[in-house]
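Residue numbers (the numbering used here): 1 to 337.
We put the CB at the ideal spot given by N, CA and C, even for glycine.
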Ligand code: PHE
């Protein structure tokens, strides 16, 4: 039996598979149920007890060697055929065929304007807990926004939800405790809405948060006014209407003069000459407290806008669903944007 093993060892050490099929045949010859190793293991039953230990070790070594040979030779085929020898990773990249999605274009443009004002981009998770989406933002326990109608729940108790607004990132940043804060947070948000030309269950927002000593409503107005002049063009008018959000006090919604008809009245602005683009306000002292910021020392403002809405105004798109359908006829129109 020792002779047999040595002969096999010599054979397999010089074995060179010419192709994958030959290697597979080799494996079948040696390791399959009817192969050489099975034969040897059944011969092993006749080995006298005093030699069993030694023989057993030899057999196991042989089996391992065969496996190593197979693995080694497999690499040969991977490097020559499967990973393609002619692949040159140092070649310059071909010009990209794709183009940016209109929502990315608009998001980047908005980001750029606020970055020039000293805001930095912050991020937070899309799957959030109740605390960051609602509680820390001063939503009363029975507020309708928490309702199953609006919010997608991942689990109930503990409440894990898909964030319904990017305001959750405000909380994430405030918690870090580094002041002053000047961030914008672009991101995806989710609401359980029926999909139509004007609503979708997924959309995008950009949140802004500015906290420092002596921040006032005048700072908020001036910041947003500057944004509107930059983005929609000089001469675009703005107006603030009183509103309500649980996490801001004073709260407002901001309209701009309709950029389509210039304020004359058209169907986009429903003949009012104005379109609403964002919600904003002075941070409620309660939310500063929830994040261990002293409201006697610090004040701040926040705003949140829908990216789809801004993109619809900018490109005169009248159906929100277009952004999500990935229809090339739609997307190709933004190739040079
Ligand atoms: N989170 C609000 C919304 O989704 C918008 C908002 C953000 C309002 C910040 C005020 C301040 O409607």
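Problem set entry | Any non-hydrogen atom of ligand 1 closer than 7 Å to residue 302 Cβ | Within the chain shown, residue 302 is the residue found at index 302, counting from 1. Yes, Cβ of residue 302 sits closer than 7 Å to a heavy atom of ligand 1.
Problem set entry | Limits of the alpha helix (DSSP H) - the one that residue 113 falls within | Here residue 113 refers to the residue found at position 113 when the chain shown is read from its first residue. First-last of the alpha helix (DSSP H) with residue 113: 102-116.
For this session: Return the CA-CA distance between residue 238 and residue 304, expressed in angstroms with no decimal places.
Result: Against the chain shown, residue 238 aligns to sequence position 238. Against the chain shown, residue 304 aligns to sequence position 304. Those two C-alpha atoms are separated by around 16 Å.
Problem set entry | Cβ pair residue 268, residue 277 closer than 8 Å | Translated into the one-based positions of the chain shown, residue 268 becomes position 268. Translated into the one-based positions of the chain shown, residue 277 becomes position 277. No, the Cβ-Cβ distance between residue 268 and residue 277 is not below 8 Å.
Exercise. In terms of DSSP beta bridges, what is residue 128 paired with?
Worked result: For the purposes of this step, residue 128 is taken as the residue at position 128 of the chain shown. Paired residue(s): 161.
Exercise. Excluding the five sequence neighbours on either side, which residues of its own chain have a C-beta within less than 7 Å of the C-beta of residue 133, listed in chain order?
Worked result: Residue 133 sits at position 133 when you count from the first residue of the chain shown. Taken in chain order, the residues that qualify are 161, 163, 164 and 168.
Exercise. Hey, residue 58 and residue 8: beta-carbon distance below 8 Å or not?
Worked result: Locating residue 58 in the chain shown gives position 58, counting from the first residue. Locating residue 8 in the chain shown gives position 8, counting from the first residue. Taking 8 Å as the Cβ cut-off, residue 58 and residue 8 do not qualify as a contacting pair.
Problem set entry | Where residue 168 falls: helix, strand or coil (DSSP) | Along the chain shown, one-based indexing puts residue 168 at 168. Three-state result, residue 168: helix.
Exercise. From what residue to what residue does the beta strand (DSSP E) around residue 189 run?
Worked result: Along the chain shown, one-based indexing puts residue 189 at 189. Counting along the chain, the beta strand (DSSP E) containing residue 189 begins and ends at 181-190.
For this session: Please classify residue 155: does DSSP put it in a helix, a strand, or coil?
Result: Here residue 155 is taken as the residue at index 155 of the chain shown, counted from 1. Strand at residue 155.
Problem set entry | C-alpha gap between residue 191 and residue 200, whole angstroms | As a position in the chain shown, residue 191 is number 191, starting the count at 1. As a position in the chain shown, residue 200 is number 200, starting the count at 1. In a straight line, the C-alpha of residue 191 is about 8 Å away from that of residue 200.
For this session: Would you list the residues sitting across from residue 299 in a DSSP beta bridge?
Result: Position 299 of the chain shown, counting from 1, holds the residue named residue 299. DSSP output for residue 299 lists 212 as bridge partner(s).
Problem set entry | Whole-angstrom distance between residue 248 and residue 297, CA atom to CA atom | As a position in the chain shown, residue 297 is number 297, starting the count at 1. As a position in the chain shown, residue 248 is number 248, starting the count at 1. Approximately 17 Å between the Cα atoms of the pair.
Exercise. Excluding sequence positions up to five away, which residues of its chain have a Cβ less than 6 Å from the Cβ of residue 212?
Worked result: Translated into positions along the chain shown, residue 212 becomes position 212. Excluding positions up to five away in sequence, the list reads 180.
For this session: Provide the residue span of the beta strand (DSSP E) that contains residue 242, from first to last.
Result: Position 242 of the chain shown, counting from 1, holds the residue named residue 242. Per DSSP, residue 242 is one residue of the beta strand (DSSP E) stretching across 238-242.
For this session: State buried or exposed for residue 60, treating a residue as buried only when at least 16 other CB atoms are found within 10 Å of its CB.
Result: To locate residue 60, count along the chain shown from 1; it is residue 60. The residue in question, residue 60, is exposed, as its Cβ has fewer than 16 Cβ neighbours within 10 Å.
Exercise. Which residues bound the alpha helix (DSSP H) around residue 252?
Worked result: Here the question's residue 252 lines up with position 252 in the chain shown. That residue, residue 252, is in no alpha helix (DSSP H); its beta strand (DSSP E) goes 248-257.
Exercise. Would you say the beta carbon of residue 229 comes nearer than 7 Å to a heavy atom of ligand 1?
Worked result: Translated into the one-based positions of the chain shown, residue 229 becomes position 229. No - ligand 1 has no heavy atom lying nearer than 7 Å to the Cβ of residue 229.
Exercise. Could you give the distance in angstroms between the alpha-carbon of residue 292 and the alpha-carbon of residue 273?
Worked result: Here residue 292 is taken as the residue at index 292 of the chain shown, counted from 1. Here residue 273 is taken as the residue at index 273 of the chain shown, counted from 1. Between residue 292 and residue 273, the C-alpha separation is close to 43 Å.
Exercise. Mind checking whether the beta-carbon of residue 291 lies closer than 7 Å to any heavy atom of ligand 1?
Worked result: As a first step, residue 291 is located in the chain shown; it is residue number 291 there, counting from the start. No, since every heavy atom of ligand 1 falls outside the 7 Å radius drawn around the Cβ of residue 291.
Exercise. If you measure from the CB of residue 217, is any heavy atom of ligand 1 nearer than 7 Å?
Worked result: As a working mapping, residue 217 is identified with position 217 in the chain shown. Flag unset: Cβ of residue 217 not near ligand 1.
Exercise. Distance, Cα to Cα, residue 196 vs residue 182?
Worked result: The residue labelled residue 196 in the question sits at position 196 within the chain shown. The residue labelled residue 182 in the question sits at position 182 within the chain shown. Taking the Cα positions, residue 196 is about 35 Å away from residue 182.
Exercise. I think residue 307 touches residue 106, with their Cβ atoms under 8 Å apart; what is that distance to the nearest whole Å?
Worked result: Here residue 307 is taken as the residue at index 307 of the chain shown, counted from 1. Here residue 106 is taken as the residue at index 106 of the chain shown, counted from 1. Right, the Cβ-Cβ distance comes to about 6 Å (below 8 Å), so this counts as a contact.
Exercise. What does a CB cutoff of less than 6 Å around residue 263 pick up in its chain, not counting 5 residues either side in sequence?
Worked result: In the chain shown, residue 263 corresponds to position 263, counting from 1. Excluding positions up to five away in sequence, the list reads 257 and 273.
For this session: Just tell me which of 22, 40, 35 and 243 has its CA closest to the CA of residue 6.
Result: Residue mapping note: residue 6 aligns to position 6 of the chain shown, counting from 1. When only C-alpha atoms are compared, the closest one is 40.
Problem set entry | Rounded Cβ spacing between residue 245 and residue 279 (contact assumed at less than 8 Å) | Working through the chain shown from its first residue, we reach residue 245 at position 245. Working through the chain shown from its first residue, we reach residue 279 at position 279. Contact holds; Cβ gap of about 6 Å.
Exercise. When the Cα atoms are used, what is the spatial distance from residue 220 to residue 137?
Worked result: The residue you call residue 220 lines up with position 220 of the chain shown. The residue you call residue 137 lines up with position 137 of the chain shown. The straight-line gap from Cα to Cα measures roughly 19 Å.
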